[in-house]
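Quick note on numbering: the sequence shown equals residues 42 to 296 in this note's numbering.
Below is one structure, written out as C-alpha coordinates, with a few remarks after it.
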Amino acid sequence: MTLLAVERIKLLSIRSPWWCLATAIVVSVALAGLIANFAEPEMLSIGLTQTTSQFGLILVMATAALSITTEYRFGTIRATFQAAPDRGAVLLAKSVVIAALTGAAGLVTAFGSWGLAVLLSPEAQLAVTEPGQWRTIAGTGLVYALAGVFALAVATLVRQPAAATTAVLMWPLALESLIPLIPRVGPAVEPWLPFYAANHFLFGELDDAAVSVNAAGVLSNGDMPFGPWGALAWFAGVAAVLLAAAVIVTKRRDA
(Lines of atoms letter the chains of each structure in order from A and count residues from 1; the text may use other names and numbers.)
(Lines give C-alpha, C1' and ligand atoms only; values in the text may rest on other atoms or scores of the structure.)
Protein backbone atom coordinates (compact mmCIF):
# COMPACT_ATOMS: atom_id res chain seq x y z
CA MET A 1 0.00 0.00 0.00
CA THR A 2 2.92 2.33 0.70
CA LEU A 3 4.29 1.85 -2.82
CA LEU A 4 0.86 2.54 -4.30
CA ALA A 5 0.60 5.76 -2.31
CA VAL A 6 4.11 6.82 -3.34
CA GLU A 7 3.46 6.17 -7.03
CA ARG A 8 0.12 7.96 -6.85
CA ILE A 9 1.70 11.01 -5.25
CA LYS A 10 4.58 11.06 -7.74
CA LEU A 11 2.24 10.90 -10.70
CA LEU A 12 -0.44 13.31 -9.51
CA SER A 13 1.84 15.91 -7.94
CA ILE A 14 2.96 17.21 -11.35
CA ARG A 15 0.83 19.04 -13.89
CA SER A 16 1.62 17.21 -17.12
CA PRO A 17 -0.47 14.06 -16.43
CA TRP A 18 -3.46 16.21 -15.49
CA TRP A 19 -3.13 18.27 -18.66
CA CYS A 20 -2.67 15.20 -20.89
CA LEU A 21 -5.63 13.34 -19.42
CA ALA A 22 -7.82 16.44 -19.48
CA THR A 23 -6.90 17.04 -23.12
CA ALA A 24 -7.68 13.42 -23.97
CA ILE A 25 -11.12 13.68 -22.40
CA VAL A 26 -11.99 17.11 -23.79
CA VAL A 27 -10.86 16.33 -27.34
CA SER A 28 -12.69 13.00 -27.47
CA VAL A 29 -15.92 14.37 -26.01
CA ALA A 30 -15.77 17.47 -28.22
CA LEU A 31 -15.33 15.35 -31.35
CA ALA A 32 -18.27 13.19 -30.30
CA GLY A 33 -20.28 16.38 -29.87
CA LEU A 34 -19.38 17.51 -33.38
CA ILE A 35 -20.46 14.17 -34.79
CA ALA A 36 -23.75 14.32 -32.90
CA ASN A 37 -24.37 17.90 -33.97
CA PHE A 38 -23.83 17.35 -37.69
CA ALA A 39 -24.91 13.74 -38.19
CA GLU A 40 -28.45 12.89 -39.17
CA PRO A 41 -30.33 11.48 -36.15
CA GLU A 42 -31.12 8.24 -37.96
CA MET A 43 -27.41 7.72 -38.69
CA LEU A 44 -26.20 8.45 -35.16
CA SER A 45 -25.59 5.42 -32.96
CA ILE A 46 -24.01 4.59 -29.63
CA GLY A 47 -21.08 2.97 -31.39
CA LEU A 48 -20.49 6.05 -33.49
CA THR A 49 -20.33 8.27 -30.41
CA GLN A 50 -17.57 6.05 -29.01
CA THR A 51 -15.25 6.03 -32.02
CA THR A 52 -13.74 9.34 -30.90
CA SER A 53 -12.30 7.64 -27.81
CA GLN A 54 -9.53 6.40 -30.10
CA PHE A 55 -8.04 9.89 -30.12
CA GLY A 56 -8.05 10.10 -26.35
CA LEU A 57 -6.48 6.66 -26.14
CA ILE A 58 -3.36 7.93 -27.90
CA LEU A 59 -2.88 10.74 -25.39
CA VAL A 60 -3.52 8.41 -22.47
CA MET A 61 -0.85 6.01 -23.73
CA ALA A 62 1.61 8.88 -24.11
CA THR A 63 0.90 9.89 -20.51
CA ALA A 64 1.54 6.36 -19.28
CA ALA A 65 4.80 6.14 -21.22
CA LEU A 66 6.09 9.46 -19.92
CA SER A 67 5.28 8.49 -16.33
CA ILE A 68 8.27 6.13 -16.32
CA THR A 69 10.59 7.59 -18.96
CA THR A 70 10.77 10.97 -17.22
CA GLU A 71 11.96 9.20 -14.08
CA TYR A 72 14.78 7.60 -16.04
CA ARG A 73 15.58 10.88 -17.76
CA PHE A 74 15.94 12.88 -14.54
CA GLY A 75 17.35 10.04 -12.46
CA THR A 76 14.56 9.98 -9.87
CA ILE A 77 14.04 6.28 -10.51
CA ARG A 78 17.35 5.59 -8.74
CA ALA A 79 16.06 7.10 -5.51
CA THR A 80 12.90 5.02 -5.85
CA PHE A 81 14.86 1.80 -6.27
CA GLN A 82 17.10 2.67 -3.34
CA ALA A 83 14.08 3.23 -1.10
CA ALA A 84 12.30 0.13 -2.45
CA PRO A 85 14.88 -2.44 -3.63
CA ASP A 86 12.19 -4.74 -5.04
CA ARG A 87 12.02 -3.28 -8.53
CA GLY A 88 9.27 -5.62 -9.59
CA ALA A 89 7.02 -4.37 -6.80
CA VAL A 90 7.73 -0.78 -7.84
CA LEU A 91 6.71 -1.43 -11.44
CA LEU A 92 3.61 -3.35 -10.37
CA ALA A 93 2.57 -0.49 -8.09
CA LYS A 94 3.13 2.01 -10.88
CA SER A 95 1.11 -0.14 -13.28
CA VAL A 96 -1.81 -0.32 -10.82
CA VAL A 97 -1.82 3.47 -10.42
CA ILE A 98 -1.59 3.99 -14.18
CA ALA A 99 -4.37 1.49 -14.85
CA ALA A 100 -6.66 3.14 -12.30
CA LEU A 101 -6.00 6.64 -13.62
CA THR A 102 -6.28 5.80 -17.31
CA GLY A 103 -9.30 3.58 -16.71
CA ALA A 104 -11.07 6.43 -14.95
CA ALA A 105 -10.22 8.72 -17.86
CA GLY A 106 -11.69 6.16 -20.24
CA LEU A 107 -14.95 5.99 -18.33
CA VAL A 108 -15.27 9.78 -18.22
CA THR A 109 -14.51 9.95 -21.94
CA ALA A 110 -17.01 7.26 -22.90
CA PHE A 111 -19.93 8.42 -20.78
CA GLY A 112 -19.15 12.06 -21.55
CA SER A 113 -19.21 11.39 -25.30
CA TRP A 114 -22.46 9.46 -25.08
CA GLY A 115 -24.09 11.98 -22.74
CA LEU A 116 -23.19 14.95 -24.93
CA ALA A 117 -24.52 13.15 -27.99
CA VAL A 118 -27.82 12.52 -26.19
CA LEU A 119 -28.09 16.21 -25.32
CA LEU A 120 -27.24 17.45 -28.81
CA SER A 121 -29.31 14.93 -30.72
CA PRO A 122 -32.31 13.88 -28.60
CA GLU A 123 -34.07 12.48 -31.68
CA ALA A 124 -31.37 9.84 -32.22
CA GLN A 125 -31.75 6.29 -30.93
CA LEU A 126 -29.10 6.48 -28.22
CA ALA A 127 -30.84 4.64 -25.40
CA VAL A 128 -28.69 1.87 -23.93
CA THR A 129 -30.85 -1.23 -24.15
CA GLU A 130 -28.46 -4.09 -24.96
CA PRO A 131 -25.46 -5.63 -23.17
CA GLY A 132 -23.28 -4.98 -26.22
CA GLN A 133 -24.03 -1.27 -25.98
CA TRP A 134 -23.06 -1.21 -22.31
CA ARG A 135 -19.86 -3.05 -23.24
CA THR A 136 -19.06 -0.42 -25.85
CA ILE A 137 -19.44 2.45 -23.38
CA ALA A 138 -18.26 1.04 -20.04
CA GLY A 139 -15.68 -1.18 -21.72
CA THR A 140 -13.75 1.89 -22.83
CA GLY A 141 -12.50 2.20 -19.26
CA LEU A 142 -11.08 -1.34 -19.40
CA VAL A 143 -9.40 -0.71 -22.74
CA TYR A 144 -7.87 2.56 -21.52
CA ALA A 145 -6.59 0.85 -18.36
CA LEU A 146 -4.96 -2.01 -20.27
CA ALA A 147 -3.56 0.37 -22.88
CA GLY A 148 -1.98 2.37 -20.06
CA VAL A 149 -0.26 -0.75 -18.71
CA PHE A 150 0.75 -1.68 -22.27
CA ALA A 151 2.36 1.73 -22.81
CA LEU A 152 4.04 1.69 -19.40
CA ALA A 153 5.61 -1.70 -20.13
CA VAL A 154 6.88 -0.66 -23.56
CA ALA A 155 8.28 2.59 -22.15
CA THR A 156 10.03 0.70 -19.35
CA LEU A 157 11.73 -1.52 -21.91
CA VAL A 158 12.76 1.42 -24.11
CA ARG A 159 13.42 4.00 -21.34
CA GLN A 160 14.11 6.93 -23.72
CA PRO A 161 11.16 9.40 -23.70
CA ALA A 162 11.15 10.18 -27.42
CA ALA A 163 11.63 6.57 -28.50
CA ALA A 164 9.05 5.26 -26.04
CA THR A 165 6.43 7.83 -27.02
CA THR A 166 7.02 7.13 -30.70
CA ALA A 167 6.71 3.39 -30.13
CA VAL A 168 3.44 3.51 -28.21
CA LEU A 169 1.90 5.97 -30.68
CA MET A 170 3.02 4.29 -33.88
CA TRP A 171 1.95 0.83 -32.76
CA PRO A 172 -1.82 1.46 -32.90
CA LEU A 173 -1.73 4.27 -35.47
CA ALA A 174 0.61 2.84 -38.09
CA LEU A 175 1.91 -0.65 -37.34
CA GLU A 176 -1.46 -2.32 -36.97
CA SER A 177 -2.71 -0.60 -40.12
CA LEU A 178 0.28 -1.74 -42.19
CA ILE A 179 0.64 -5.35 -41.04
CA PRO A 180 -2.64 -6.47 -42.67
CA LEU A 181 -1.28 -5.23 -46.02
CA ILE A 182 1.54 -7.80 -45.99
CA PRO A 183 0.69 -10.47 -48.59
CA ARG A 184 -0.40 -13.83 -47.18
CA VAL A 185 0.93 -13.20 -43.68
CA GLY A 186 -0.93 -9.99 -42.88
CA PRO A 187 -4.54 -11.25 -42.92
CA ALA A 188 -3.59 -14.22 -40.74
CA VAL A 189 -1.79 -12.06 -38.19
CA GLU A 190 -4.34 -9.23 -38.11
CA PRO A 191 -6.87 -10.83 -35.69
CA TRP A 192 -4.09 -11.33 -33.13
CA LEU A 193 -2.92 -7.72 -33.06
CA PRO A 194 -3.57 -6.28 -29.58
CA PHE A 195 -5.37 -3.09 -30.55
CA TYR A 196 -7.38 -4.89 -33.20
CA ALA A 197 -8.54 -7.16 -30.38
CA ALA A 198 -9.29 -4.15 -28.18
CA ASN A 199 -11.45 -2.62 -30.90
CA HIS A 200 -13.22 -5.93 -31.41
CA PHE A 201 -14.07 -5.96 -27.71
CA LEU A 202 -15.57 -2.47 -27.98
CA PHE A 203 -17.31 -2.71 -31.33
CA GLY A 204 -17.45 -6.37 -32.31
CA GLU A 205 -20.89 -7.97 -32.58
CA LEU A 206 -22.45 -4.53 -32.12
CA ASP A 207 -24.43 -4.71 -35.38
CA ASP A 208 -23.47 -1.14 -36.18
CA ALA A 209 -22.34 -0.43 -39.73
CA ALA A 210 -21.18 3.05 -38.73
CA VAL A 211 -18.28 1.63 -36.74
CA SER A 212 -17.20 -1.15 -39.08
CA VAL A 213 -13.99 0.83 -39.55
CA ASN A 214 -12.28 2.37 -36.53
CA ALA A 215 -10.20 5.54 -36.29
CA ALA A 216 -7.05 3.73 -37.43
CA GLY A 217 -8.79 2.29 -40.49
CA VAL A 218 -8.87 -1.25 -39.08
CA LEU A 219 -12.01 -3.32 -39.45
CA SER A 220 -13.51 -3.80 -35.99
CA ASN A 221 -16.35 -6.16 -36.84
CA GLY A 222 -14.25 -8.57 -38.87
CA ASP A 223 -13.77 -12.27 -38.23
CA MET A 224 -12.06 -13.01 -34.92
CA PRO A 225 -10.95 -16.33 -33.44
CA PHE A 226 -12.85 -15.43 -30.26
CA GLY A 227 -15.69 -13.23 -29.05
CA PRO A 228 -15.48 -9.72 -27.59
CA TRP A 229 -14.57 -10.84 -24.07
CA GLY A 230 -11.99 -13.25 -25.44
CA ALA A 231 -10.54 -10.35 -27.40
CA LEU A 232 -10.25 -8.32 -24.20
CA ALA A 233 -8.55 -11.27 -22.47
CA TRP A 234 -6.06 -11.47 -25.34
CA PHE A 235 -5.33 -7.74 -25.11
CA ALA A 236 -4.86 -8.10 -21.35
CA GLY A 237 -2.56 -11.06 -21.90
CA VAL A 238 -0.34 -9.09 -24.28
CA ALA A 239 -0.12 -6.23 -21.78
CA ALA A 240 0.71 -8.70 -18.98
CA VAL A 241 3.47 -10.36 -21.00
CA LEU A 242 5.02 -6.99 -21.84
CA LEU A 243 4.83 -5.94 -18.19
CA ALA A 244 6.46 -9.20 -17.09
CA ALA A 245 9.23 -8.63 -19.63
CA ALA A 246 9.68 -5.08 -18.33
CA VAL A 247 9.99 -6.36 -14.75
CA ILE A 248 12.60 -8.96 -15.74
CA VAL A 249 14.66 -6.49 -17.76
CA THR A 250 14.46 -3.81 -15.06
CA LYS A 251 15.75 -6.23 -12.43
CA ARG A 252 18.74 -7.16 -14.58
CA ARG A 253 19.99 -3.79 -15.78
CA ASP A 254 21.22 -0.64 -14.09
CA ALA A 255 18.80 2.16 -13.39
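Note that beta-carbon positions come from the ideal geometry of N, C-alpha and C, so glycine has one too.
Beta-carbon gap between residue i and residue j smaller than 8 Å
i: T197; j: I109; result: yes
i: T90; j: A71; result: no
i: L193; j: I118; result: no
i: L167; j: I87; result: yes
i: E217; j: L243; result: no
i: G144; j: G182; result: yes
i: A205; j: V195; result: yes
i: M102; j: A188; result: yes
i: P58; j: T104; result: yes
i: A208; j: P82; result: no
i: T291; j: R128; result: yes
Anticipated Cβ contact below 8 Å, residue i with residue j, distance rounded
i: V131; j: G97; result: 27 Å between Cβ atoms; not a contact.
i: L44; j: A134; result: 4 Å
i: T150; j: A65; result: 7 Å
CA-to-CA distance, residue j to residue i, given in whole angstroms
i: S136; j: E231; result: 27 Å
i: F276; j: A239; result: 6 Å
i: V184; j: A141; result: 11 Å
i: M211; j: A106; result: 13 Å
i: A286; j: P224; result: 30 Å
i: G74; j: A63; result: 16 Å
i: A124; j: L283; result: 25 Å
i: R56; j: V226; result: 44 Å
i: P9; j: P228; result: Given that the chain is displayed from residue 42 to residue 296, the structure contains no residue 9 and the question cannot be resolved.
i: R294; j: L222; result: 37 Å
i: A274; j: F122; result: 31 Å
i: A146; j: G153; result: 10 Å
i: M84; j: A272; result: 27 Å
i: S343; j: F236; result: With the chain covering only 42 through 296, there is no way to say anything about residue 343.
i: E171; j: Q95; result: 22 Å
i: S54; j: G278; result: 31 Å
i: E112; j: A46; result: 17 Å
i: W60; j: W270; result: 32 Å
i: V159; j: P126; result: 51 Å
i: K51; j: I220; result: 37 Å
i: A120; j: G245; result: 45 Å
Cutoff 6 Å; reference residue i; Cβ partners in own chain excluding five residues on either side
i: W155; result: T90 and I178
i: L148; result: G182
i: V48; result: Correcting the residue identity first, residue 48 is Glu in this sequence and not Val. Cβ neighbours of E48 beyond the five flanking positions: A134, K135 and V138.
i: G116; result: none
Near the ligand ADP: residue i beta-carbon under 7 Å from a heavy atom
i: F79; result: As far as ligands go, the structure on display features none, and thus does not contain the ligand ADP.
Residues of its chain near residue i, where Cβ-Cβ distance is below 7 Å and the 5 sequence neighbours each way are ignored
i: W175; result: V169
i: V190; result: S136, I139, A140, A280 and L284
i: L336; result: In this structure the chain extends from 42 to 296, so residue 336 is not present and cannot be described.
i: G180; result: F242 and L243
i: V199; result: A205 and A208
i: Q297; result: The structure shown does not extend to residue 297, since the chain is modelled only from 42 to 296, so the question has no answer here.
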